[in-house]
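Novice: Questions regarding the structure given below will be posed in turn.
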Amino acid sequence: MTDKVAFITGASRGIGAEAAVALARAGYRVAITARTLADGERHDHVGSTAALPGSLEATAAAVADVGGEALCLRADILDAQSIRAAAAAALAHFGRVDLLFNNAVYQGKGNLEPVLQVTEEQLRAIYQGNVFTPLALVQAFLPGMVERGGGTVLNMVSHSAFTDPPAAADRGGWGFAYPSSKAALSRMASSLRAEHPDAGLRVYNLEPGLVMTDVMRLAGIDDAVMARFKPCTPAAIAAVVAWLAERDPEPDWEPHHILRGPAIARALGLLKSPSLLE
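Per the numbering used here, the sequence shown runs over residues 1 to 278.
Structure below.
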């Protein structure tokens with residue numbers, strides 16, 4: 001075990017939860033954040049308040065099962081104060097954060113709206129969750145990383161931010177608001193590398209491909225639709241995150257542009273990584 005600490009957003013389910021356990025197995029203590037602290041809680045997801053599987057407490061139990069330590073911090077990526085409070089609590093508890101995984105993403109109204117219908121309120125929510133919250137966390141943890149001479153930031157981006165949609169959002173493509181927020185987030189990595197060239201920082205954009213989530217199922221996207229896009233599993237992307245936590249990417253992965261999670265998982269033989277939460 002090491003004394004390294006990872007801070008993970010969106011860790012109640014999916015990639016974030018799997019990454020928390022994978023990083024714990026690699027020796028990290030983990031601070032995990034999400035809205036859902038306990039199983040059965042209801043929060044708004046794409047207009048529904050159905051209780052989804054997963055919670056911070058369930059993730060923490062899985063972390064404990066592999067001998068790790070997890071600090072559960074309820075926080076909402078749309079609530080800047082709760083995010084800053086979670087960052088402060090993690091630093092107070094662990095004394096440091098060595099890896100920041102900005103995994104959480106806004107999943108709500110506006111993501112699939114046509115340009116003529118997306119509202120300013122929706123766009124503000126999308127940018128709060130996908131740009132301003134990751135920025136707040138980087139600003140909270142980066143000074144300590146620079147002072148210690150090293151640290152890792154992984155920002156989850158999206159294929160849709162760099163690729164023209166094959167069709168309108170309601171016909172199998174994507175809209176403007178969500179991809180634009182991820183495109184904005186993707187510019188952070190190069191700025192941090194330019195601003196801190198000798199600080200030992202490792203800052204990467206990670207693109208997970210298409211990963212089926214409970215929220216996507218709630219929105220009506222079924223396995224038949226997903227199969228057309230060769231989806232990757234949360235466990236495979238989490239295994240890539242744990243690998244990147246301790247190793248530098250290969251040069252031919254174009255690490256200073258976009259790290260393609262599914263391609264890396266394939267190259268490392270991680271595509272069939274089992275879920276660590278079952």
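C-beta atoms are modelled at their ideal positions from N, C-alpha and C, and glycine is treated no differently.
Since we're looking at a predicted model, the values are computed, not measured.
For phenylalanine 94, which residues from the same chain have a beta carbon less than 8 Å from its beta carbon, with the 5 sequence-adjacent residues on both sides left out?
Specialist: Position 94 of the sequence shown, counted from the start, is the residue given in the question as residue 94. Cβ neighbours of phenylalanine 94 beyond the five flanking positions: Val5, Arg29, Ala31 and Leu71.
Novice: Going along the chain, which residues of its own chain have a beta-carbon closer than 7 Å to the beta-carbon of alanine 89, five neighbours each way excluded?
Specialist: Counting from one through the sequence shown, the residue named residue 89 turns up at place 89. Excluding sequence neighbours, alanine 89 sits near Leu73.
Novice: Apart from the five residues on each side of it in sequence, which residues of its chain come closer than 6 Å, Cβ to Cβ, to cysteine 232?
Specialist: Residue 232 sits at position 232 when you count from the first residue of the sequence shown. So the qualifying residues of the chain are Gly209, Val211 and Pro262.
Novice: Out of Ala86, Ala38, Leu100 and Val21, which one is the CA nearest neighbour of valine 203?
Specialist: Within the sequence shown, the letter at position 203 stands for residue 203. The shortest Cα separation from valine 203 among Ala86, Ala38, Leu100 and Val21 belongs to Leu100.
Novice: I need the straight-line Cα distance from alanine 75 to serine 180, nearest angstrom please.
Specialist: Stepping through the sequence shown from its first residue, residue 75 is reached at position 75. Stepping through the sequence shown from its first residue, residue 180 is reached at position 180. Between alanine 75 and serine 180, the C-alpha separation is close to 24 Å.
Novice: DSSP three-state call for tyrosine 204: helix, strand or coil?
Specialist: The residue given as residue 204 occupies position 204 in the sequence shown. Strand at tyrosine 204.
Novice: Go through its chain and collect everything with a Cβ distance to leucine 259's Cβ below 7 Å, but skip five positions before and after it.
Specialist: Position 259 of the sequence shown, counting from 1, holds the residue named residue 259. Here the set comprises Tyr204, Asn205, Leu206, Glu207, Pro249 and Trp253.
Novice: Going by C-alpha distance, which of Ile15, Gly10, Ala19 and Leu135 is nearest alanine 245?
Specialist: Translated into the one-based positions of the sequence shown, residue 245 becomes position 245. Checked all of Ile15, Gly10, Ala19 and Leu135; the closest Cα to alanine 245 is Ala19.
Novice: Where does alanine 131 sit, in a helix, a strand or coil, going by DSSP?
Specialist: Within the sequence shown, numbered from 1, the residue matching residue 131 stands at position 131. Reading off the sequence shown, one finds valine at residue 131, where the question assumed alanine. Valine 131 falls in the helix class under three-state DSSP.
Novice: How would you write the range of the alpha helix (DSSP H) that alanine 86 sits in, first residue to last?
Specialist: Position 86 of the sequence shown, counted from the first residue, corresponds to residue 86. Start and end: 80 to 94.
Novice: Along the chain, where does the beta strand (DSSP E) containing threonine 152 start, and where does it finish?
Specialist: Within the sequence shown, numbered from 1, the residue matching residue 152 stands at position 152. Run containing threonine 152: 151 to 156, per the beta strand (DSSP E) assignment.
Novice: Helix, strand or coil: which one does DSSP assign to valine 211?
Specialist: In the sequence shown, counting from the first residue as 1, residue 211 sits at position 211. It is a strand residue.
Novice: In whole angstroms, what is the alpha-carbon distance linking serine 158 and histidine 196?
Specialist: The residue given as residue 158 occupies position 158 in the sequence shown. The residue given as residue 196 occupies position 196 in the sequence shown. Each residue's alpha carbon lies about 25 Å from the other.
Novice: From valine 66 to alanine 11, what does the alpha carbon distance come to, in whole angstroms?
Specialist: By one-based count along the sequence shown, residue 66 stands at place 66. By one-based count along the sequence shown, residue 11 stands at place 11. Each residue's alpha carbon lies about 16 Å from the other.
Novice: Report the rounded CA-to-CA distance for alanine 61 versus alanine 235, giving the unit in angstroms.
Specialist: Locating residue 61 in the sequence shown gives position 61, where the first residue counts as 1. Locating residue 235 in the sequence shown gives position 235, where the first residue counts as 1. Whole-angstrom Cα-Cα distance: 17 Å.
Novice: Examine the Cβ distances between the segment 115 to 129 and the segment 167 to 180 and report whether three or more of them are shorter than 8 Å.
Specialist: Flag = yes, the segment 115 to 129 and the segment 167 to 180 touch.
Novice: Relative to the C-alpha of glycine 149, which candidate in Ala169, Ala267 and Asp98 has its C-alpha closest?
Specialist: The sequence position of residue 149 within the sequence shown is 149, counting from 1. Answer by Cα proximity: Asp98.
Novice: Could you tell me the alpha carbon to alpha carbon distance between proline 134 and threonine 33, rounded to whole angstroms?
Specialist: If you number the sequence shown from 1, residue 134 lands on position 134. If you number the sequence shown from 1, residue 33 lands on position 33. Those two C-alpha atoms are separated by around 13 Å.
Novice: Using DSSP with H/G/I as helix, E/B as strand and the rest coil, what is arginine 171?
Specialist: Taking the first residue of the sequence shown as 1, we reach residue 171 at position 171. Looking at arginine 171 - three-state DSSP - the assignment turns out to be helix.
Novice: For valine 97, which three-state DSSP category applies?
Specialist: Translated into the one-based positions of the sequence shown, residue 97 becomes position 97. Coil, per DSSP.
Novice: Can you tell me whether DSSP reads arginine 13 as helix, strand or coil?
Specialist: Within the sequence shown, the letter at position 13 stands for residue 13. Coil at arginine 13, not helix or strand.
Novice: With C-beta atoms as the reference, is glycine 110 less than 8 Å away from threonine 119?
Specialist: By one-based count along the sequence shown, residue 110 stands at place 110. By one-based count along the sequence shown, residue 119 stands at place 119. Yes, the pair counts as a contact, with Cβ atoms nearer than the cut-off.
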